[in-house]
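The sequence shown maps to residues -17 to -1, 1 to 514 in mature numbering (1 follows the signal peptide of the UniProt record, and there is no 0). For reference, the structure discussed in these notes is given below.
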Amino acid sequence: MRIQLLLLLSSFCFADSLKILMFNPGFGHSHMRFMGGIADILIEAGHEITEIRSTLDTTARWQGISKSQEILLYPVHPEVEEMMADMHSGREGGFMSQIWTQVMSPAKMSKMAVNMTKAFAKACEHVVFETDLLQTLKGRHFDLGISESFDDCGHGIFEVLGIKTVITTSSSNLMEHQAILIGVPRVPSYVPGALADTSEKMTITQRAFNAIGSYFGAKMFLTLLDGQTEVFRKHMGPDFTDLRELISRSAVVFTNTQPYIDFPKPTIYKVIDIGGIHIKDTSNQRLDEEWNKILNKKKKTVLISFGSVAKSFAMPVSYKKSIIEVVKGMPDVQFIWKYEKDDLNTWELPENLYLSKWTPQNALLADPRLSLFVTHGGLASTMEIAYSGTPALVVPLFADQSRNAQVLMRQGVAEKILKFDLENTQKLSEVIKGMLADASYKQKAQPLSAMLKNTPFRPKDLLLKNLEFVAKFGSLPQLDPYGRQLSFIQYYLLDVFAAFVLAAISVLVIAFFVLRFLFRLCFQKSKPKRD
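Structure representation (C-alpha cells):
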C-alpha cells in the first residue's frame, strides 16, 4: 500500500514537472551564480533542467554553480580564448590592467564591445554549429527556455529548436538595451543608467551625462546582440528572426535587483525583480576552523575583495603597497584580502593580513564578526551586502559598479572612494577607520537586511509562481506594450508637438493676414477724397 502511494505521488510530481532548457554563459562568476541559483530553486521544486554551459574564458569556475540534472559543458574555443586573453592576463595595456588605471567611460566601453562582439559571436557559432549540441537536443520537447540577455546565443538556440515560450534574465539591473527591446520607459532625468555615477538628484550636467551613458550602454549590448544574429543567419538563412525581436517576445524578464534598495523607476508587468535569489541561507552554515580562527583574532575584521573579473594581482604596485601600509597602520584590525596569485610572498606582509585566492564571501558577510567589506560593488556583492547587513566601502572599477555604490549610499550603509584613491594611503586609512568607528552604518544596515528578508513576496516565490504561470499560458503577448513598436518621434509625441506648433503658427499667420487686411481696409476707408 505504501509503495503504491509513493508511486502515485511520484506520478503527480512527474505530471507537474517542467522540462526546461537553460543557457548559462561562462563569463563572470556573478552571472553564472545568478543563473545557477535559479536552476537550483527550479530543481528543488521538482522541475527538470538541461543546462547549456558555454565557456567564454578559462577563469570561469563552474564548481558548485548548480545541481542541474543534465549539463552540456562546452570548453572555451581557442580563438575565443585568444580574444578574451587580455581580460584576464593582467598585462600592461590589457583590459584587466585598464580596469584599475583608466576611467572606463561610455565611449571606451562601446569600443571594448567591438572585441567582445567577435568573441561572443565565435563562441556562439562554436557551441551551436561546430559541436553536437543541436543533434543532442533535437527531438526533445522542452516546455520553456531560460537565457540571460548578456550573451544572447541562448535565444537563437531556442528559436532553432522551436521553443516558443522563453524567459529572459538579467544578472544585473534591467539594462538599457533590455528596456528598449521590451518597451520599458527610460527616464534619464531622474533614473541613473547602468553606467551612471550619480544619485537620482542630478544637476543639468549629470542628466546630460546620464543620457549619453544610457545611449552608449544600450549601443554596446545591441552590438553584441547583432553580431550573434549574424551567426544564426549565416548558418540558418537570412530570414532567421533577429535576436532583438526574440528577446522582445520574452514572456517575462527576471532581474537581479530589489525595489526596496534600487532607485524607484517606471516599469512594466513583465519585469519581475528577484534580487538576492542566488544568496544561500547561511543561518545554519558554519565556517570551517581556519576561517573561524581568522575571525577570532581581532575584535574587528575587514574583508577586501574586488570580485571575479577584476583581479587584485593586476592592480598597480602602488595600490598594493598602499593597501599593505593601511593594514600595517591598523594592527588592532584583522584584514582578509582575496588575492589570486602568490607574487606577494616575497613582500614584508603584516601579521594582521590574511591572503586567500578564494573566500566564502556570502558566509563571511553573514558572520557578525565581520565589521566592513571593501568591495568593487558588483551587483551580486551589492545584494549580499544588503541582505547581510554589513557596511561597505565601495571602490567602483567599471560598468554598473558606480551605480551600485550610489544605491548603497542612498541607504546609508556604504561610502565610496575612487579606485585611484587606493594609492592614497592616508585617505584610504581615514575612510576605513572612520567607518569602523561610526556605528551608524551598522545601525542602518541591520534594518535594511531585516526588511529584505521579510518582503511580502520572496524572490523564490516570485520566480516559481511566474515561471509556472508562463509555462501554463505561453509567451503572454498580453504583457507586450505597443510602445516598443513606436518610432522615436511617435513615442515622445514629437509629431503631436509639431502638429500643435504648426497649428499655432498657422493661426498666427492667418491672424496676421486677417489683421493686415482689416487694417488696410480701414485705412483706405478713412482716407479723405481729393478733388
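Using N, Cα and C, we set each Cβ at its ideal position, and we do this for glycine too. Only a predicted model underlies this, so the values are computations on that prediction, with no experimental measurement involved.
Could you have a look at residue 336 and say whether DSSP puts it in helix, strand or coil?
Strand at residue 336.
By a C-beta neighbour count over all protein chains shown, 10 Å radius and 16 as the cutoff for buried, is residue 330 buried or exposed?
Exposed is the call here.
Quick one: using the 10 Å Cβ neighbour count with 16 as the cut-off for buried, is residue 481 buried or exposed?
Residue 481 comes out exposed.
Quick one: what's residue 256 bridged to in DSSP?
238.
Suppose you measure from the CA of residue 126 to the CA of residue 454; what does that come to, to the nearest Å?
Rounded to the nearest angstrom, the two C-alpha atoms are 6 Å apart.
Taking the Cβ atom as the reference point for each residue, do residue 197 and residue 164 lie within a distance shorter than 9 Å?
No; because the gap between Cβ atoms is not below 9 Å, this pair is not in contact.
Going by the CB atoms, is the gap between residue 293 and residue 380 shorter than 9 Å?
The answer is yes: Cβ separation under 9 Å.
What are the start and end residues of the alpha helix (DSSP H) that includes residue 349?
Element bounds for residue 349: 344 to 349.
How should residue 493 be labelled, buried or exposed, when 16 other C-beta atoms within 10 angstroms of its C-beta is the threshold for buried?
The residue is exposed, with fewer than 16 neighbouring Cβ atoms inside 10 Å.
Taking 8 Å as the cut-off, is the beta-carbon of residue 480 closer than that to any non-hydrogen atom of the ligand FMN?
Looking at this structure, you won't find the ligand FMN or any other ligand, since it has none at all.
Quick one: is residue 175 buried, meaning 16 or more other Cβ sit within 10 Å of its Cβ, or exposed?
The residue is buried, with at least 16 neighbouring Cβ atoms inside 10 Å.
Give me whichever residues DSSP pairs with residue 8 in a beta bridge.
Residue 8 pairs with 37.
Does the Cβ of residue 326 have 16 or more other Cβ atoms within 10 Å, making it buried, or fewer, making it exposed?
Answer is exposed; the Cβ neighbour count stays below 16.
Is residue 274 helix, strand or coil by DSSP?
It is helical.
Going by Cα to Cα distance, which pick from 189, 356 and 208 is closest to residue 231?
Ranking the options by Cα distance to residue 231, first place goes to 208.
Considering only their Cβ atoms, is the gap separating residue 8 from residue 49 smaller than 9 Å?
No, these two residues do not count as a Cβ contact at 9 Å.
Could you say which of 3, 275, 336 and 148 lies nearest to residue 28 if we only look at CA atoms?
Nearest option by C-alpha distance: 3.
With burial defined as no fewer than 16 other Cβ atoms inside 10 Å of the residue's Cβ, what is the status of residue -5: buried or exposed?
With a pLDDT of 42 at residue -5, under the threshold of 50, the modelled position of that residue is not reliable, and no figure is offered here.
Going by the beta-carbon positions, is the gap between residue 226 and residue 212 smaller than 9 Å?
It is a contact, given that the beta carbons lie within the stated cut-off.
With contact counted as at least three CB pairs below 8 Å, one residue from each stretch, are the stretch 235 to 253 and the stretch 279 to 289 in contact?
They do not touch, by the three-pair rule.
Give the secondary structure of residue 68 by DSSP, where H, G and I count as helix, E and B as strand, and everything else as coil.
Reduced to three states, the DSSP call for residue 68 is helix.
By DSSP's criteria, residue 320 is part of a beta bridge. Which residues make up the other side?
Partner(s): 287 and 338.
Beta-carbon within less than 7 Å of residue 138's beta-carbon, same chain only, minus the 5 sequence neighbours each way: which residues are those?
The answer, listed in chain order, is 130, 149, 226, 229 and 230.
Start and end of the alpha helix (DSSP H) containing residue 137?
Its alpha helix (DSSP H) spans residues 136 to 144.
Since residue 356 sits in a beta bridge, which residues does DSSP pair it with?
286 and 375, per the DSSP bridge assignment.
Distance check for residue 84 and residue 159, CA to CA, integer angstroms please.
Rounded to whole angstroms, residue 159 to residue 84 spans 26 Å at the Cα level.
Contact defined as beta carbons within less than 8 Å: I believe residue 399 pairs with residue 388. What is the distance between those atoms, to the nearest angstrom?
With 8 Å as the limit, residue 399 and residue 388 qualify as a contact, their Cβ atoms being about 4 Å apart.
Kindly indicate which residue of 1, -1, 240 and 17 has the alpha-carbon position closest to the one of residue 263.
Minimum Cα distance to residue 263 is reached at 17.
Tell me which residue opens and which closes the beta strand (DSSP E) that residue 397 is part of.
Residues 397 to 399.
Taking DSSP as the reference, what is the three-state secondary structure of residue 132?
Here residue 132 sits in coil by DSSP.
Do you know how far the Cα of residue 461 is from the Cα of residue 235?
Straight-line Cα distance between these residues: approximately 11 Å.
If distances are taken between C-alpha atoms only, which option among 361, 81, 166 and 99 comes closest to residue 344?
Among 361, 81, 166 and 99, the Cα nearest to that of residue 344 is on 361.
Just verifying my parser: in three-state terms, what is the DSSP assignment at residue 159?
Reduced to three states, the DSSP call for residue 159 is helix.
Using beta-carbon positions only, say whether residue 391 and residue 244 come within less than 9 Å of one another.
For residue 391 and residue 244, yes; Cβs fall inside 9 Å.
Use the C-beta contact count for residue 472: other C-beta atoms within 10 angstroms, 16 or more gives buried, fewer gives exposed.
Looking at its Cβ environment, which holds fewer than 16 other Cβ atoms inside 10 Å, residue 472 is exposed.
Would a C-beta distance cut-off of 9 Å place residue 397 and residue 424 closer than the cut-off?
In contact: residue 397 and residue 424 (Cβ atoms closer than 9 Å).
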